[in-house]
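Beneath this line is the structure, given in structure tokens, with notes to follow.
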Amino acid sequence: MSHVRKQIRDAVATRVTGLTTTGTNVFQSRTYSLSNDKLPALTIYTKEESSDIVNMSRDLRRTLSIVIEGYAKASSSLDDTLDTIAAEVEAAMGSDRDLNGVGKIISVSGTEIDFASGDSEKPVGVVRLGYDIIYVTSGSDPETAL
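The numbering used here numbers the first residue of the sequence shown as 2 and each following residue consecutively.
Laid out in structure tokens, this is it:
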């Protein structure tokens, strides 16, 4: 098995693969170099995690911050395309409240919209959707969600 963080990333990638705008252009890495033929696309990565002991058994209640970035080629309709990507991602994420049992609570933590020129061949727009995902593990077994 793998750490529950990876299981969550995998579940998120599965949930957002096949959306109308981004299709199968979904990559689990913040360092993936996006060529124009891969746009529009999504990248998924974890940002940070906090945890608290929740009982005498030392189970951990963890809050994982995960980012889903949507990229689109710069054009006169860039903002519309980014909003469409965001709407599709939010609908997909909202349709599975616990990521098939891996998470307990999923909530949107924020959205940023930006213009990037260094990550691809030509300038692109990016929408960053932040999610907080709460999950629980045993203090001695980070590979099994409780």
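Just so you know, even glycine gets a beta-carbon here, dropped at the ideal spot from N, CA and C.
**Study point:** contact_flag[the region 105-112, the region 29-46] where n(CB pairs < 8 Å) is 3 or more
**Key:** No, the region 105-112 is not in contact with the region 29-46.
Helix or strand or just coil, what does DSSP make of Gly-126?
Walking along the sequence shown from the start, residue 126 turns up at place 125. Look at Gly-126 here: in three-state DSSP terms it is strand.
Q: Could you please give the first and the last residue of the uninterrupted beta strand (DSSP E) stretch that includes Gly-111?
A: The sequence position of residue 111 within the sequence shown is 110, counting from 1. That run of the beta strand (DSSP E) goes 106-117.
- Put Val-5 into one of helix, strand or coil per three-state DSSP. The residue labelled residue 5 in the question sits at position 4 within the sequence shown. In the structure shown, the three-state DSSP call for Val-5 is helix.
Worksheet entry | DSSP three-state assignment for Thr-32, whether helix, strand or coil | Here residue 32 corresponds to residue number 31 of the sequence shown, with the count starting at 1. Reduced to three states, the DSSP call for Thr-32 is coil.
| query | According to the Cβ coordinates, are Val-68 and Ile-86 closer than 9 Å? | reply | Reading the sequence shown from its first residue, position 67 is the one you call residue 68. Reading the sequence shown from its first residue, position 85 is the one you call residue 86. Going by C-beta atoms, Val-68 is not nearer than 9 Å to Ile-86.
task = Buried or exposed for Gly-71, please, with buried defined as at least 16 other CB atoms from any protein chain shown within 10 angstroms of its CB.
result = One-based indexing of the sequence shown puts residue 71 at position 70. Under a 10 Å Cβ-count criterion, Gly-71 is classified as buried, with 16 or more other Cβ atoms of the shown protein chains found around its own Cβ.
Do Asp-133 and Thr-64 have their beta-carbon atoms positioned less than 9 Å apart in this structure? In the sequence shown, the residue the question calls residue 64 occupies position 63. In the sequence shown, the residue the question calls residue 133 occupies position 132. Yes; because the gap between Cβ atoms is below 9 Å, this pair is in contact.
- Buried versus exposed call for Ile-54 [16 or more other C-beta atoms within 10 Å across all chains shown]: Position 53 of the sequence shown holds residue 54. Burial call: exposed.
Would you list the residues sitting across from Asp-99 in a DSSP beta bridge? One-based indexing of the sequence shown puts residue 99 at position 98. Partner(s): none; Asp-99 has no beta bridge.
Exposed unless 16 or more other CB atoms sit within 10 angstroms - verdict on Arg-6: Residue mapping note: residue 6 aligns to position 5 of the sequence shown, counting from 1. Classified as buried, Arg-6 has 16 or more neighbouring CB atoms from the shown chains inside 10 Å of its CB.
Cβ neighbour criterion (16 or more within 10 Å) applied to Arg-10 = For the purposes of this step, residue 10 is taken as the residue at position 9 of the sequence shown. A residue is called buried once 16 or more other Cβ atoms fall within 10 Å of its Cβ, and Arg-10 is buried on that count.
- With burial defined as no fewer than 16 other Cβ atoms inside 10 Å of the residue's Cβ, what is the status of Arg-98: buried or exposed? The residue given as residue 98 occupies position 97 in the sequence shown. Looking at its Cβ environment, which holds fewer than 16 other Cβ atoms inside 10 Å, Arg-98 is exposed.
Fill in: Endpoints, the beta strand (DSSP E) within which Val-68 is located
For the purposes of this step, residue 68 is taken as residue 67 along the sequence shown, with counting starting at 1. That run of the beta strand (DSSP E) goes 61-74.
Do Met-94 and Leu-130 count as a contact pair if the criterion is CB distance below 9 Å? Mapped onto the sequence shown, residue 130 falls at position 129. Mapped onto the sequence shown, residue 94 falls at position 93. Judged by beta-carbon spacing, Met-94 lies within the 9 Å limit of Leu-130, meaning their Cβ atoms are closer than that value.
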